[in-house]
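Comments concern the structure below.
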Amino acid sequence: MASLMFRTVRSISQKAPHRQLSVASARLASDLPAKSAPSAAQVPGTITVEGWEDLSAINGHPAEELVTRRVRVYQPAKNAMQSGTHKYHNWVLEFDTQERWENPLMGWASTGDPLSNVQVEFATKEEAIEFCEKNGWDWSVDIKTPVKPRVKSYGANFSWNKNTRTSTK
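Given below as structure tokens:
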């Protein structure tokens, strides 16, 4: 059986030749001529909308829920277990938590709210605020305080100075 599988894999790999790529024929996207995108006036049948429409009437949420619901817009904190900060420059839109209860069978936390676990990421704070206003949600922005790193030398980690030494007891 193993020899049959080996022959099948070998015959498939022999049928698929590898294509050689010449370095001289490789082109970058910056080498290509720039093409301008056609404007809305140039394309027939294009519909343009001035401003933005209020989507609160058609978003599917009950009106009484939208009145009491609050959306929080914030930048997430850096994970202490990772050194990179790439994914922490976005702004996150998150709904406040509603009623939760403990499931009696397994002890899991349960909720009847489908929006409690929704997190939407935006590139800027203004985009997140505009999205909230478009949907008719009451929003608040939490701005994190900037972290100021303490400047110290590497040798300060090993100094026997009483002010810099931390107790292990």
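Following my numbering, the numbering of the sequence shown begins with 58 at its first residue and continues without gaps.
Backbone N, C-alpha and C define an ideal beta-carbon position, used for all residues, glycine too.
In the displayed model, Leu162 falls within coil according to three-state DSSP, outside both helix and strand. With fewer than 16 other Cβ atoms from the protein chains shown falling within 10 Å of its own Cβ, Leu162 counts as exposed. Look at Leu150 here: in three-state DSSP terms it is strand. For Glu156, the secondary structure class from DSSP, reduced to helix, strand or coil, is coil.
Taking 8 Å as the upper bound for CB-CB distance, Asp199 and Arg127 are not in contact here, some 12 Å apart. DSSP lists no bridge partner for Glu183.
Collapsing the DSSP output to three states places Glu107 in coil.
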